[in-house]
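Novice: Got a structure here, written out as structure tokens. Questions coming.
Residue numbers (our numbering): 102 to 422.
Structure (structure tokens):
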């Protein structure tokens, strides 16, 4: 090798040595991570996201910052993350509504299944069938019998078309062959439910559990596949309707294309957090029973949820308000 060629190669090697290298996925995270929440501060998703963010921050030694982007039933925040750089520094806090929205909204500027990838399960929370004590029905079998004997005459309170409790009710109707009428409320229906103006609702457990304990409402069943640790005395609807499950749930997603090493690291940190007794207790106080899953299992779970709710929405002709 000529001396000039040797010096040229040596200089190139030195330059490569001195050049800054991009941080590898194994170094992640080297700067703060933003967790986008598609709901306003103070609501359950925001509270749960902040608890998990603190836990993951402690485990990975970097700030995980909750970034609230409310609006359009969480679609605004979801779109932000769907179009973000897939480097692990912009994540999405997902809820069961995301699986519903994938079919409910026809003209989204993203494809949830294509543009986002699930990375970690946090837990699930039941909706509860509750009735006013004045109503004759006191159990799930009695409710099914009453609804079949009175098709189209039983009103069910709803927080709006396409909300988790509404879709849970529609799935119940499909699986039991009953005909009940959804009555959507723009505000809270609790005054009417407690006053007996409307007899029945599918409601988030945190919204009604104190009224159930006080005897102001009667809980017939929870929508989780099994009884909830938050209220173990309330039977699961699945005990009477085999295979029924329509729980609310929480997890994390990242933009599609995020390196597997980063996803695996996040999954490990999330799973370690939700299996820690201290965080489990805090989440249970919010009505959330923690459920850790490996990445592959959580991806399948989300895919199955999208497919399940797509069948309900298509069969009922449900349209977003």
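Glycine included, C-beta positions come from ideal geometry on N, C-alpha and C.
Check residue 170 in the structure and name its three-state DSSP category.
Specialist: Coil, per DSSP.
Novice: Would you report the Cα separation of residue 239 and residue 395, rounded to the nearest angstrom?
Specialist: So the alpha carbons of these two residues sit roughly 39 Å apart.
Novice: Here's the rule: buried if 16 or more other CB atoms are within 10 angstroms of the residue's CB, otherwise exposed. What is residue 202?
Specialist: Buried, by the Cβ-count rule.
Novice: Taking residue 151 as part of the alpha helix (DSSP H), name the residues at either end of that continuous run.
Specialist: Element bounds for residue 151: 145-161.
Novice: Check whether the Cβ atoms of residue 196 and residue 300 lie closer than 8 Å to each other.
Specialist: Against a cut-off of 8 Å, the Cβ pair of residue 300 and residue 196 comes out as no contact.
Novice: Indicate whether the contact test is met: 3 or more Cβ pairs, each with one atom in the region 244-258 and one in the region 375-394, closer than 8 Å.
Specialist: No: the two stretches stay apart, fewer than three of their Cβ pairs being nearer than 8 Å.
Novice: Which one of 390, 362 and 345 has the shortest CA to CA distance from residue 352?
Specialist: Checking every option, the nearest Cα to that of residue 352 belongs to 390.
Novice: Let me confirm a value: residue 386 is counted as buried when at least 16 other C-beta atoms fall within 10 Å, else exposed. Which label applies?
Specialist: Residue 386 comes out exposed.
Novice: Pick out the complete beta strand (DSSP E) segments inside the region 210-263, 3 residues or longer, and give them in chain order.
Specialist: Counting whole runs of 3 or more residues, the region 210-263 contains the beta strand (DSSP E) stretches 217-226, 228-232 and 255-259.
Novice: Need the endpoints of the beta strand (DSSP E) that residue 345 sits in, please.
Specialist: First-last for residue 345: undefined, no H or E at that position.
Novice: Let me make sure I understand the geometry here. Which of 129, 199 and 237 has the alpha-carbon closest to that of residue 187?
Specialist: The option with the nearest alpha carbon to residue 187 is 129.
Novice: Look up residue 296 in the DSSP assignment and say whether it is helix, strand or coil.
Specialist: Of the three classes helix, strand and coil, the one that applies to residue 296 here is helix, per DSSP.
Novice: For the pair the region 235-250 and the region 278-290, tell me if three or more CB-CB distances fall below 8 Å.
Specialist: Contact between the region 235-250 and the region 278-290 is present, because at least three Cβ pairs lie under 8 Å.
Novice: Consult DSSP for residue 291 and reduce its assignment to one of helix, strand or coil.
Specialist: The answer is helix: DSSP assigns residue 291 an H, G or I state.
Novice: Compute the Euclidean distance between the alpha carbons of residue 164 and residue 135, then round it to the nearest angstrom.
Specialist: Computed Cα separation, rounded: 8 Å.
Novice: For residue 338, which of helix, strand or coil comes out of DSSP?
Specialist: Three-state DSSP puts residue 338 in a helix.
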